[in-house]
Ligand SMILES: Nc1ncnc2c1ncn2[C@@H]1O[C@H](COP(=O)(O)OP(=O)(O)O)[C@@H](O)[C@H]1O
Ligand SMILES: [Mg+2]
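In structure tokens:
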């Protein structure tokens, strides 16, 4: 479903991603691991069109998408949750969900769109799923950090993408919230392709099938989590990290 | 209670409408004319509110669109009896070809809307498609205001120059100019319609999208929206409303000058909206009425001191009430409503909520 071939991006003289071949299949949940600065977020920026690659290709559903704008990759069905929750602060929870719906992005469609019963029900379902149904009229700014993360997941549900990118979805959550988030991701996105960037090993164990490890913008290892944990190269990288820290 | 049944915006809007509608029955002609001008300013402030209040893009040259509308109508009036004296003075013997369409009043009215809308759309197209930041938009519109003001002053033969165009009649209907009070009601009706239009627009899905552009433009791009198209459209609509306000202003005021179309007017507008509350439905009304009424009251007694007071109030509001006067009132009201609602809900279904929290996620 998604494949990168020889993907490279340079910032000044620095290669944040170099010569990366990476692919994700339909219906798969892939976890991306890697120490800080490994280029995980940059890879997500490349896939969603926020950053343009210096060279290499990104193929999505048989289509070259390198160089498209974010609103174009979104139209093609790629949805993203940011590392720090990006919600619309001075709008209510339900307004946040509502703008995320797909299919009303043209100016004139947006002007003459009528909120149908069906959409109202879907908004309500989403609010129940993310456990914010009692906060629907509150401003997003007044939510807790964890609630904001969930709200952004709710926006993804409304957007209904085929490929979902979650950049550290549990950052700043308590262990309990993290666990709930893992269950949420497993249940609501189970038929989609999902790429999750994550640090929290307990969380990774909870959700992961196949794990890809990046290091300094390069591919390091890939496989089931148990194998990765035993991988000598991976251990070395993480040990070095620990030594630095 | 009225407030609860109708909602806060609707209640205040209804009160304002009633107040403005009965005003001519009690006030002197002088006051009615003054209030009529304020109503025009309210309409003008609605226009800035769309682009600044709701979309988050501060136009510092909005009076250009106001002036364009105003000058189109004023020129149309001036040309009705042949070559006007300000042109004759420069030995112009025929009405210039470009101004001929203005001889027809309906056409002039249409152009007074379309020219500002098109200019705004065009500026929007170049500024927003190239994705420069909001600050540059403000600077570009500011430069535009300066440019337009200078252009009018310098093209004296065609615009009347620094002194502006004077002695303009109130809306002639069937050859006879309208009386003040009927014209006042016409302006009030148009402004009320513009209020309803703003309300519809901002409550629509479109309204949610422009608000999200204001909140976080880069985020909305990841949800399939192309913000540039939205911004161009809002700016064009805003330009159209400003042009409409300019056209209504001319007959009420009796003259139009470069000062009405440049930086001074643009800045006043920004101040009214900031004090009233940008991004709220009633903010423009509250801001225009309070600032202008106080200004009239105090400027007679303390002409210089008043400017200082206004500046001081402006700074205080920006610092302590970033949502403006009405913004503060509205958010207080909403918070109160929410607190009550949650308190009631918790009483009712406190146990159910607890159960849900452990079950759903
Ligand atoms: N826009 C940018 N300009 C310059 N350097 C960048 C930019 N984006 C990321 N980087 C650099 O690329 C490297 C990878 O960053 P990032 O992808 O955020 O890592 P991760 O998400 O794996 O922690 C970092 O060294 C970061 O400083
Ligand atoms: Mg990162």
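Protein chains in written order, with the working numbering: chain G, 132 to 376; chain C, 1115 to 1475.
Every residue, glycine too, gets a C-beta built ideally from N, C-alpha and C.
Is there a Cβ from chain G that is less than 9 Å from the Cβ of residue 1475 of chain C? With a pLDDT of 36 at residue 1475 of chain C, under the threshold of 50, the predicted position of this residue should be treated as unreliable, though the coordinate-derived value follows. Yes - at least one Cβ of chain G is within 9 Å of the one on residue 1475 of chain C.
Buried or exposed (CB count within 10 angstroms, at least 16 for buried), residue 1173 of chain C: buried
* Listed from N- to C-terminal order along the chain, which residues in the segment 1338-1355 of chain C have their beta-carbon within a distance smaller than 7 Å of any beta-carbon of chain G? -> 1338, 1339, 1340, 1343, 1344, 1347
message = Looking at the strands, I want to know which residues DSSP matches up with residue 211 of chain G.
response = For residue 211 of chain G, which the question treats as bridged, DSSP gives the partners G/296.
Name, please, each residue of chain G whose Cβ falls closer than 8 Å to the Cβ of residue 1452 of chain C.
-> Within 8 Å Cβ-Cβ: 268, 269.
Cutoff 9 Å: residue 246 of chain G Cβ touching any chain C Cβ
yes
Practice task
Please list, in chain order, all residues of the same chain as residue 1273 of chain C whose beta carbon is under 6 Å from its beta carbon, the five residues on each side excluded.
Solution key: 1266
Residues of chain G with CB under 7 Å from residue 1326 of chain C, in chain order? The contacting residues are 219, 222, 230.
- request: Would you verify that the beta carbon of residue 276 of chain G is, or is not, closer than 9 Å to some beta carbon of chain C?
  value: no
Task: Simplified DSSP assignment, three categories, for residue 1436 of chain C - done: Three-state result, residue 1436 of chain C: coil.
| request: Return the Cβ separation of residue 162 of chain G and residue 342 of chain G in integer angstroms, given the expectation that the two are a contact with Cβ distance under 8 Å. | output: 5 Å
Discussion item. Which residues of the segment 1292-1326 of chain C have a Cβ closer than 8 Å to any Cβ of chain G? Give them in chain order.
Written reply: 1315, 1318, 1319, 1320, 1322, 1323, 1325, 1326
Between G/209, G/210, G/217, G/202, which has its C-alpha nearest residue 1330 of chain C's C-alpha? G/217
Express the C-alpha separation of residue 1187 of chain C and residue 1370 of chain C in angstroms, rounding to a whole number.
10 Å
Give me the subset of the segment 1250-1279 of chain C whose CB atoms are less than 9 Å from a CB atom of chain G, sorted by chain position. none
With a threshold of 7 Å on Cβ separation, who are the neighbours of residue 1122 of chain C within its own chain once the five nearest residues in sequence on each side are excluded? 1444, 1447
Review point. Cβ of residue 280 of chain G within 8 Å of any heavy atom in ligand 1?
Key: no
message = What does DSSP give as the partner residue(s) for residue 191 of chain G in the beta ladder?
response = G/133, G/194
Using 9 Å as the threshold, is the C-beta distance between residue 1357 of chain C and residue 1229 of chain C below it? yes
Give the list of continuous beta strand (DSSP E) stretches no shorter than 3 residues that lie fully inside the segment 260-341 of chain G. The DSSP assignment places 294-298, 324-328 as complete runs of the beta strand (DSSP E) inside the segment 260-341 of chain G, in order along the chain (cut-off: 3 residues).
In terms of residue numbering, what span does the alpha helix (DSSP H) encompassing residue 360 of chain G cover? Segment 356-361, the alpha helix (DSSP H) holding residue 360 of chain G.
Flag residue 1335 of chain C as yes if its beta-carbon sits less than 9 Å from any beta-carbon of chain G, otherwise no.
-> yes
Exercise for review: Spell out the partners DSSP gives residue 160 of chain G in its beta bridges.
Suggested key: Per DSSP, G/325.
Partners in chain C for residue 206 of chain G, counting only beta-carbon separations shorter than 9 Å: 1338
- By Cβ distance, which residues of its chain are closer than 7 Å to residue 1117 of chain C, with the 5 residues on each side in sequence left out? Within the same chain, residue 1117 of chain C has close Cβ partners 1125.
What are the residues in the segment 159-192 of chain G lying within 9 Å of chain C by C-beta distance? 179, 180, 181
Cβ of residue 169 of chain G versus every heavy atom of ligand 1: is any distance shorter than 8 Å?
-> yes
* To do: Could you check what DSSP says for residue 166 of chain G in three-state terms: helix, strand or coil?
  => coil
Review point. Which residue's Cα is closest to the Cα of residue 1392 of chain C: C/1347, C/1171, C/1337?
Key: C/1171
Query raised in the report: From the beta carbon of residue 362 of chain G, is the nearest beta carbon of chain C less than 9 Å away?
Result: no
Check your understanding: What are the complete alpha helix (DSSP H) segments, minimum 4 residues, inside the segment 1235-1296 of chain C?
Key -> Runs of the alpha helix (DSSP H) lying entirely within the segment 1235-1296 of chain C and spanning at least 4 residues, in chain order: 1248-1268, 1270-1273.
Using a C-beta cutoff of 9 Å, does residue 1455 of chain C count as contacting chain G?
Chain G, which has a Cβ nearer than 9 Å to the Cβ of residue 1455 of chain C, makes this yes.
Have a look at residue 1405 of chain C and residue 1389 of chain C and give me their C-alpha separation to the nearest angstrom. 8 Å
(Q) Short of 8 Å in beta carbon distance, which residues of its chain neighbour residue 301 of chain G, apart from the five on each side in sequence? Order them along the chain. (A) 280, 308, 309, 312, 313, 329, 331, 334
_Helix, strand or coil at residue 1328 of chain C [DSSP, three-state]_ = helix
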